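Protein chains in written order, with our numbering: chain P, 8 to 127; chain U, 8 to 127. The structure appears right after this line, and notes come after that.
Protein chains: 2
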Amino acid sequence: MDWELDKKRPLCPQICEQLCIMIARDDLKPGDKIMSVREVALMAQVTPNTVQKSYEQLEQQGVIYSRRGAGWFVSENQEIAQDVREQYIRSKTGDYIKDMQILGLSGDEIEKYVKEFINE
Amino acid sequence: MDWELDKKRPLCPQICEQLCIMIARDDLKPGDKIMSVREVALMAQVTPNTVQKSYEQLEQQGVIYSRRGAGWFVSENQEIAQDVREQYIRSKTGDYIKDMQILGLSGDEIEKYVKEFINE
DNA sequence: ATTACTGTATCAGTACAATAATACAGTTGG
DNA sequence: CCAACTGTATTATTGTACTGATACAGTAAT
Chain P
8 MDWELDKKRP LCPQICEQLC IMIARDDLKP GDKIMSVREV ALMAQVTPNT VQKSYEQLEQ
68 QGVIYSRRGA GWFVSENQEI AQDVREQYIR SKTGDYIKDM QILGLSGDEI EKYVKEFINE
Chain U
8 MDWELDKKRP LCPQICEQLC IMIARDDLKP GDKIMSVREV ALMAQVTPNT VQKSYEQLEQ
68 QGVIYSRRGA GWFVSENQEI AQDVREQYIR SKTGDYIKDM QILGLSGDEI EKYVKEFINE
């Protein structure tokens, strides 16, 4: 995982997304311990405070949870990981198709561009 | 055009993108007068100041230009509109494909999702 | 010329994200 | 037990985006 964040954009959403990607990729499995707020803060060059806030947001979505003093862990609920993956894919795909259709692109044109970029 | 911006995200980039979309769609053609900062401000529920700043950013990219007292206009350079369109499509497509591949999706899987969302 | 529109500039105030520093509390392994 | 790690909380500060108000200057049409 590359914890190189875009400092020009809000950091918390980026940290949340990175975590979600790792879960969606199954790099982090249900129940796994994840990196501490201080570890991530060091790698991502941000404040522990910022990571804490990001983790709390994911906790609120039920994706991860904390045990005081012990660390943060991926939710044991097996469905969550699959949900995170599906929602990520569908959200990104939906946004992308919508953007292209607003520009007036036909289905065939969209597929043409998609195929072009897959082969690289 | 729906000037309903997402107030939770930076407004200037959103205003810039809306303008670019209108140019890419050919709703605004080279040389066309575009809405004044005050008009857009009113419709988008933002400050004229914010629109001004957005316009200045697009001006720096050569997409639009101003004539003091007269208004803002789309660049007369015919290439610009085509560039805006192509760059928009390629940027979005590239980002999307990259996001999907990071998740480990194959080309076939990506195309499957794309086709699914086109039919809606 | 007057009027009503344009762009442009400035400044103070607000809201929020993130920093930086510090402290406290719970867990774990040697 | 103890040391080294965890999460959690607090406070003050910074940087930035945006607001709101106001003012000035150029354009264009009647």
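Ideal Cβ placement from N, Cα and C applies to all residues, glycine included. On a predicted model such as this, the values are computed, not experimentally measured, just so you know.
By a C-beta neighbour count over all protein chains shown, 10 Å radius and 16 as the cutoff for buried, is residue i buried or exposed?
i	result
residue 67 of chain U	exposed
residue 57 of chain U	buried
residue 21 of chain P	buried
residue 77 of chain P	exposed
residue 100 of chain P	buried
residue 109 of chain U	exposed
Assuming residue i is part of the alpha helix (DSSP H), what are its boundary residues?
i	result
residue 98 of chain U	85 to 109
residue 115 of chain U	114 to 125
Would the C-beta of residue i count as close to the ligand PLP, meaning under 8 Å from any of its heavy atoms?
i	result
residue 56 of chain U	As presented, the structure is devoid of all ligands, the ligand PLP included, so that no description of it is given.
Please go through the same chain and pick out, in chain order, the residues whose beta-carbon is closer than 7 Å to the beta-carbon of residue i, but skip the five residues on each side of it.
i	result
residue 95 of chain U	27 and 31
residue 23 of chain P	61, 64 and 65
residue 13 of chain U	21
residue 19 of chain P	57, 60, 61 and 64
residue 29 of chain U	8 and 35
Looking only at its chain, what residues have a beta carbon closer than 8 Å to the beta carbon of residue i, apart from the 5 residues adjacent to it on each side?
i	result
residue 71 of chain P	26, 41, 62, 65, 79, 80, 81 and 82
residue 69 of chain U	82, 84 and 87
residue 37 of chain U	81, 82, 83, 84, 85, 87 and 88
residue 74 of chain P	80
What residues in its chain sit with their C-beta under 6 Å from that of residue i, if we drop five residues either side in the sequence?
i	result
residue 92 of chain P	31
residue 47 of chain U	58
residue 44 of chain P	55, 58 and 59
Which residues in chain P have a C-beta closer than 9 Å to the C-beta of residue i? List them in chain order.
i	result
residue 132 of chain U	Outside the shown range of chain U (8 to 127) lies residue 132 of chain U, about which nothing can therefore be said.
residue 80 of chain U	Within 9 Å Cβ-Cβ: nothing; residue 80 of chain U doesn't reach chain P, min ~22 Å.
residue 118 of chain U	118, 121, 122 and 125
residue 100 of chain U	103, 107, 117, 120, 121, 123 and 124
residue 87 of chain U	Simply none; closest approach about 16 Å.
Would you mind telling me which residues of chain U sit closer than 7 Å to residue i, beta carbon to beta carbon, in chain order?
i	result
residue 31 of chain P	110
residue 114 of chain P	125
What does residue i reach in chain U if we use C-beta pairs closer than 8 Å?
i	result
residue 28 of chain P	109 and 110
residue 22 of chain P	Within chain U, no residue comes near residue 22 of chain P; the closest Cβ sits about 16 Å away, beyond 8 Å.
For residue i, which residues in chain P fall below 8 Å Cβ to Cβ?
i	result
residue 96 of chain U	107, 110, 112 and 120
Runs of beta strand (DSSP E) wholly within the segment 20 to 81 of chain P (minimum 3 residues, chain order): 71 to 74 and 78 to 81
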